[in-house]
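Residue numbers (the UniProt record's numbering): 1 to 342. What follows is one structure encoded as structure tokens, with my remarks underneath.
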């Protein structure tokens, strides 16, 4: 494998000159650029990204931590981040945390060690204190889908409680009094907030739900199937279901149809997220929109602003961007899976 010394020898210049050409220094002459570029091509030499980062104190990569890249929710998030990154001639370095503290920590450490000065972090398992410490170390770090009061100006979050409240209230306004809830079994704040939104909406309308109206499963189609099967087995007088997300709702729909119960004639069903699957189910799923695309775009823009300000603290006199929304509010998407009980 060719080295920088080999390139310098073939181009008949010094190693320092090769370094200047690689790092696009204005001190590099046109003749040197031509000679070095040709030598690198001839030798098949690729500059070491880490070595270049030592000179520039940065890389052209944005570090992104997601729960699981195979989840369409995170696919949409990554796509939006990449759209903004490309406008800044940056590329993404992505790691999966799987909602596990050790995995999330390992990914963040890798991203920092890879000299990503801009980080978009979706962490659900690390403590507030640990994330605050990382934020202090990396000025261009922004949290998405999480709000930590001490660094609220570097968080882009969704009011999950409000979304679940709206979903449950819609069912109540359609005349449903016995409403079940299909809940995620992941021990994260989204789970707690969405379940509480369901309970608070019932309470606000003088309704109650016994614990037997709530079932748990993994936040995917399989989990929805398991939870719905268990709920049906208990023979509850439920006429409507609010689900933790659209994928669990899809699993519910499959079980209901398999047991001869039609949606919405015999059971109303509402999801959460408004993922791609929602409008392709039959019937089309009424749900709560999670605006992850615009949230991811704003998180990326904010991260760039913070990273730039950190590099030029003396020259930067701009005020925080007031156009950045830090707490988003979910909205209802009414389709065909909810109706008044017959």
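Every residue gets a Cβ at the ideal spot worked out from N, C-alpha and C, and that includes glycine. Source: prediction; values computed, not measured.
Check whether residue i and residue j have beta carbons under 8 Å apart
{"i": "residue 154", "j": "residue 197", "result": "no"}
{"i": "residue 195", "j": "residue 212", "result": "no"}
{"i": "residue 160", "j": "residue 193", "result": "yes"}
{"i": "residue 250", "j": "residue 292", "result": "no"}
{"i": "residue 270", "j": "residue 184", "result": "no"}
{"i": "residue 132", "j": "residue 150", "result": "yes"}
{"i": "residue 90", "j": "residue 113", "result": "no"}
{"i": "residue 176", "j": "residue 323", "result": "no"}
{"i": "residue 164", "j": "residue 240", "result": "no"}
{"i": "residue 28", "j": "residue 42", "result": "no"}
Span separating the alpha-carbon of residue i from that of residue j
{"i": "residue 236", "j": "residue 191", "result": "23 Å"}
{"i": "residue 127", "j": "residue 189", "result": "12 Å"}
{"i": "residue 225", "j": "residue 289", "result": "22 Å"}
{"i": "residue 334", "j": "residue 73", "result": "20 Å"}
{"i": "residue 117", "j": "residue 38", "result": "32 Å"}
{"i": "residue 106", "j": "residue 81", "result": "21 Å"}
{"i": "residue 246", "j": "residue 295", "result": "19 Å"}
{"i": "residue 248", "j": "residue 180", "result": "13 Å"}
{"i": "residue 121", "j": "residue 262", "result": "41 Å"}
{"i": "residue 142", "j": "residue 219", "result": "25 Å"}
{"i": "residue 75", "j": "residue 303", "result": "19 Å"}
{"i": "residue 40", "j": "residue 23", "result": "14 Å"}
{"i": "residue 253", "j": "residue 232", "result": "12 Å"}
{"i": "residue 306", "j": "residue 146", "result": "18 Å"}
{"i": "residue 325", "j": "residue 156", "result": "7 Å"}
{"i": "residue 33", "j": "residue 4", "result": "14 Å"}
{"i": "residue 97", "j": "residue 115", "result": "19 Å"}
{"i": "residue 55", "j": "residue 25", "result": "Only weak support is given to the placement of residue 55: the predicted model assigns it a pLDDT of 46, under 50, and the value that follows is read from those uncertain coordinates. Using only the alpha carbons, I get a separation of about 11 Å."}
Closer than 8 Å to chain C by CB, residue i
{"i": "residue 135", "result": "Considering every chain present, this structure includes no chain C. It has just one protein chain."}
Simplified DSSP assignment, three categories, for residue i
{"i": "residue 243", "result": "strand"}
{"i": "residue 180", "result": "strand"}
{"i": "residue 272", "result": "coil"}
{"i": "residue 216", "result": "strand"}
Sheet register partners of residue i (DSSP bridge)
{"i": "residue 142", "result": "120"}
{"i": "residue 94", "result": "64"}
{"i": "residue 1", "result": "Residue 1 pairs with nothing; no bridge assigned."}
Exposure label - residue i; buried when at least 16 CB within 10 Å
{"i": "residue 102", "result": "exposed"}
{"i": "residue 282", "result": "exposed"}
{"i": "residue 205", "result": "exposed"}
{"i": "residue 330", "result": "buried"}
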